[in-house]
Amino acid sequence: MILAVTAGKGGVGKSTVALNLAAELDAVAVDADLAMADLPSARGPDLHDVLAGRADPVEAVREGGPVTVLPCGRTLAGARAVDPTALGAAVRRVAREYGTVVIDSPAGMHGDVGLPLLAADACVVVTRPTEAALTDAIRARELARAVETPLARVVLNRAADIDTRTVAAALGGPVTRVPDSDALARAQRAGLPVAAVAPDSRAARQFQRLAEAVHSAVSS
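Residue numbers for the sequence shown follow the numbering used here, so the first one is 8 and each next one is one higher.
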């Protein structure tokens, strides 16, 4: 299974959702934000090297932490040297080796945003309960429709116990709320999934439920 986690704008918690979903699904998290990488980095070859033809995708995967990651480089020169259209083949290669891949897609609506969606079997759209964030999420949802990538779930991040029916209707998919919490904030500061920091927290339970819902949606 290849799952793209996407958002219409930055700052809504997309990378946090991608990292936690990868942890719960026992997946490889691929940091596909070629210009503004956000997932944990590591020494050795990275996605910039893979997409520039300098490294094999599987060789760039980093195991041993709470989440297996294919990190992305953080240099402007590295970003300029890549062939973004090679992303699909690279991700499929990793999926053949590891089984499940979660792509942390770039935020926004620029040209490369559609490439992770094209490579994915399904997507998760992340947003926040603000008018601006929801407007941008609708654009991301429309892009997923345009490239025929099914929507597995909408994540309403940093949301209290609010009615999600309006969001579900606007985006055309079921919604999972992830509340703001001290446990999640501590995990973010540490660059870890919340289950590794506070496994009994409400946020950890919500990500577990989210992963179960996504797996069920993609498998059905």
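Ideal Cβ placement from N, Cα and C applies to all residues, glycine included.
field: Three-state class that DSSP yields for Ala129 in the structure shown
entry: Numbered from 1 along the sequence shown, position 122 holds the residue referred to as residue 129. In the structure shown, the three-state DSSP call for Ala129 is strand.
message: With the cut-off set at 8 Å, would you say Asp181 and Arg212 are in Cβ contact?
response: The sequence position of residue 181 within the sequence shown is 174, counting from 1. The sequence position of residue 212 within the sequence shown is 205, counting from 1. Before going on, a small fix: residue 181 reads as Pro here, not Asp. Cβ atoms of Pro181 and Arg212: not closer than 8 Å.
message: Taking the alpha-carbon of His222 as reference, which of Val108, Ala44, Val201, Pro91 has the nearest alpha-carbon?
response: Here residue 222 refers to the residue found at position 215 when the sequence shown is read from its first residue. Comparing Cα-Cα distances from His222 to each of Val108, Ala44, Val201, Pro91, the minimum goes to Val108.
field: Cα-Cα separation between Thr156 and Ala36, rounded to whole angstroms
entry: As a first step, residue 156 is located in the sequence shown; it is residue number 149 there, counting from the start. As a first step, residue 36 is located in the sequence shown; it is residue number 29 there, counting from the start. Going from the Cα of Thr156 to the Cα of Ala36 covers about 19 Å.
- prompt: Excluding sequence positions up to five away, which residues of its chain have a Cβ less than 7 Å from the Cβ of Leu58?
  reply: As a working mapping, residue 58 is identified with position 51 in the sequence shown. Cβ within range, chain order: Val89, Asp90, Pro91, Ala93, Leu94, Ala97.
field: Local Cβ density within 10 Å of Ile169, reported as buried at 16 or more and exposed below that
entry: For the purposes of this step, residue 169 is taken as the residue at position 162 of the sequence shown. Under this definition Ile169 is an exposed residue.
field: Per DSSP, the bridge partner or partners of Thr183
entry: Start at 1 with the first residue of the sequence shown, and residue 183 comes out as number 176. Beta-bridge pairing links Thr183 to Val162.
query: Per DSSP, Ala36 forms a beta bridge with which residues?
result: Taking the sequence shown and counting its residues from 1, the one referred to as residue 36 is at position 29. The partner list for Ala36 (beta bridge, DSSP) reads Val76, Val109.
query: What residues match up with Ala11 in a beta bridge as DSSP calls it?
result: Along the sequence shown, read from residue 1 onward, the residue named residue 11 stands at position 4. Answer is Ile110, Cys130.
message: For Leu150 and Glu66, I'd like the C-alpha separation in whole angstroms.
response: On the sequence shown, position 143 is the one that residue 150 refers to. On the sequence shown, position 59 is the one that residue 66 refers to. Separation of Leu150 and Glu66 (C-alpha to C-alpha, rounded to the nearest whole angstrom) is 31 Å.
8 Å Cβ shell around Gln215 - same chain, five flanking residues per side excluded: Stepping through the sequence shown from its first residue, residue 215 is reached at position 208. Only Glu31, Ala202 meet the Cβ criterion.
Chain-order list of residues whose beta-carbon lies under 7 Å from that of Arg209 (same chain, five-residue window excluded): Here the question's residue 209 lines up with position 202 in the sequence shown. Here the set comprises Pro186, Ser188.
Nearest candidate by alpha-carbon position, reference Pro136, set Thr13, Ile9, Val19, Ala11: The residue you call residue 136 lines up with position 129 of the sequence shown. For Pro136, the nearest C-alpha among the options comes from Val19.
- request: Please classify Arg148: does DSSP put it in a helix, a strand, or coil?
  value: Here the question's residue 148 lines up with position 141 in the sequence shown. The answer is helix: DSSP assigns Arg148 an H, G or I state.
task: Run the CB neighbour count on Pro206, radius 10 Å, all protein chains shown included, and call it buried at 16 or more, exposed below.
output: Mapped onto the sequence shown, residue 206 falls at position 199. Exposed, by the Cβ-count rule.
task: State the DSSP-derived secondary structure class of Arg81, mapped to helix, strand or coil.
output: Mapped onto the sequence shown, residue 81 falls at position 74. Coil.
message: With a threshold of 7 Å on Cβ separation, who are the neighbours of Lys16 within its own chain once the five nearest residues in sequence on each side are excluded?
response: Position 9 of the sequence shown holds residue 16. Cβ neighbours of Lys16 beyond the five flanking positions: Ala114, Gly115, Ala140, Asp143.
message: Going by C-alpha to C-alpha distance, which of Glu219, Ala176, Asp40, Val24 sits closest to Gly121?
response: Translated into the one-based positions of the sequence shown, residue 121 becomes position 114. Answer by Cα proximity: Asp40.
message: Could you tell me the alpha carbon to alpha carbon distance between Ala11 and Ala192, rounded to whole angstroms?
response: In the sequence shown, residue 11 corresponds to position 4, counting from 1. In the sequence shown, residue 192 corresponds to position 185, counting from 1. Their backbone Cα atoms lie some 23 Å apart in a straight line.
- request: Pull up the distance between the alpha-carbon of Ala29 and that of Ala127, whole angstroms please.
  value: What you label residue 29 is simply residue 22 of the sequence shown in a count that begins at 1. What you label residue 127 is simply residue 120 of the sequence shown in a count that begins at 1. Cα-Cα distance, rounded: 14 Å.
task: Tell whether a beta-carbon distance below 8 Å holds between Ala14 and Val133.
output: What you label residue 14 is simply residue 7 of the sequence shown in a count that begins at 1. What you label residue 133 is simply residue 126 of the sequence shown in a count that begins at 1. In contact: Ala14 and Val133 (Cβ atoms closer than 8 Å).
- prompt: Are Leu178 and Ile145 close, meaning C-beta to C-beta below 8 Å?
  reply: Here residue 178 is taken as the residue at index 171 of the sequence shown, counted from 1. Here residue 145 is taken as the residue at index 138 of the sequence shown, counted from 1. Their beta carbons are under 8 Å apart, which means Leu178 touches Ile145 by this criterion.
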